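> Numbering (our numbering), first residue to last: 1 to 165.
By construction, the Cβ of each residue, glycine as well, lies at the ideal position given by its N, Cα and C atoms.
Since we're looking at a predicted model, the values are computed, not measured.
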């Protein structure tokens, strides 16, 4: 049985020079009988800086119903305050075309867009890490299945020889 594994390892060593980093890591872990699966999310979360975590939280909040409802409420309050309450008192700080509100909304959009893009880039990088890990796990499973097939074939040949003899 160990001969079949050694033959399989020898076959893979021949192509190891052409293999990429992922394949080498899988082959090494296969020969050492080490688990390859790990929680990629935890590994990735440990590498994030405070600013990256903050940007992710802002992007998550900016895409929530809570934000939409608070934003709509704030807009309605601003418009009602300047249109009805302060106009009657004769002192609206942002009368009807709401130029100041426009400025604030433009600044919010200018700040929110890069934060969302940074967060999306991090999620894309996280997905790439997860895909690479999935590839490594699948490759190791495939190699182990090949080794098991070789073991079964060896056992079948041995049983056939015992049966014929």
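1. Scan the segment 32-111 and note each continuous alpha helix (DSSP H) run of 4 residues or more that stays entirely inside, going in chain order.
2. Quick test of the definition: if touching needs 3 or more C-beta pairs under 8 Å, does the segment 122-137 touch the segment 19-33?
3. Please identify the residue among 68, 96, 138, 155 whose C-alpha is closest to the C-alpha of residue 80.
4. Grab me the residues of residue 40's own chain with a C-beta within less than 7 Å of its C-beta, minus the 5 sequence neighbours each way, in chain order.
5. Measuring only the C-alpha atoms, how far is residue 76 from residue 102?
6. Which of the three DSSP states, helix, strand or coil, is assigned to residue 165?
7. Quick check: what's the CA-CA separation for residue 158 versus residue 152?
8. Return the Cβ separation of residue 140 and residue 30 in integer angstroms, given the expectation that the two are a contact with Cβ distance under 8 Å.
9. If you draw a straight line from the alpha carbon of residue 164 to that of residue 149, how long is it in whole angstroms?
10. Taking the alpha-carbon positions, what's the residue 118 to residue 147 distance?
11. Quick check on this structure: which residue in 115, 162, 137, 154 has the alpha carbon closest to the alpha carbon of residue 28?
12. Alpha carbon to alpha carbon, how far is residue 53 from residue 100? Give it in angstroms, no decimals.
13. Distance check for residue 127 and residue 160, CA to CA, integer angstroms please.
14. Residue 62 and residue 120 - do their beta-carbons sit closer together than 7 Å?
15. Of all the options 154, 34, 55, which has the alpha carbon lying nearest to the alpha carbon of residue 123?
Reading from the atomic positions:
1. 40-46, 50-62, 65-80, 86-89
2. yes
3. Numbered from its first residue, the chain shown carries residue 80 at position 80. Nearest option by C-alpha distance: 96.
4. Within the chain shown, residue 40 is the residue found at index 40, counting from 1. Correct list, in chain order: 129, 130, 133.
5. On the chain shown, residue 76 is found 76 positions in, with the first residue counted as 1. On the chain shown, residue 102 is found 102 positions in, with the first residue counted as 1. In a straight line, the C-alpha of residue 76 is about 14 Å away from that of residue 102.
6. Taking the chain shown and counting its residues from 1, one reaches residue 165 at position 165. It is coil, neither helix nor strand.
7. Numbered from its first residue, the chain shown carries residue 158 at position 158. Numbered from its first residue, the chain shown carries residue 152 at position 152. Straight-line Cα distance between these residues: approximately 10 Å.
8. Locating residue 140 in the chain shown gives position 140, where the first residue counts as 1. Locating residue 30 in the chain shown gives position 30, where the first residue counts as 1. Confirmed, Cβ separation roughly 6 Å.
9. Counting from one through the chain shown, the residue named residue 164 turns up at place 164. Counting from one through the chain shown, the residue named residue 149 turns up at place 149. Cα to Cα, residue 164 sits roughly 22 Å from residue 149.
10. Residue 118 sits at position 118 when you count from the first residue of the chain shown. Residue 147 sits at position 147 when you count from the first residue of the chain shown. Looking at the two C-alpha atoms, the distance is approximately 44 Å.
11. Along the chain shown, one-based indexing puts residue 28 at 28. The shortest C-alpha separation from residue 28 is found at 137.
12. Working through the chain shown from its first residue, we reach residue 100 at position 100. Working through the chain shown from its first residue, we reach residue 53 at position 53. Answer to the nearest angstrom: the Cα atoms are 31 Å apart.
13. Translated into the one-based positions of the chain shown, residue 160 becomes position 160. Translated into the one-based positions of the chain shown, residue 127 becomes position 127. Whole-angstrom Cα-Cα distance: 48 Å.
14. Numbered from its first residue, the chain shown carries residue 120 at position 120. Numbered from its first residue, the chain shown carries residue 62 at position 62. No.
15. What you label residue 123 is simply residue 123 of the chain shown in a count that begins at 1. Checking every option, the nearest Cα to that of residue 123 belongs to 55.
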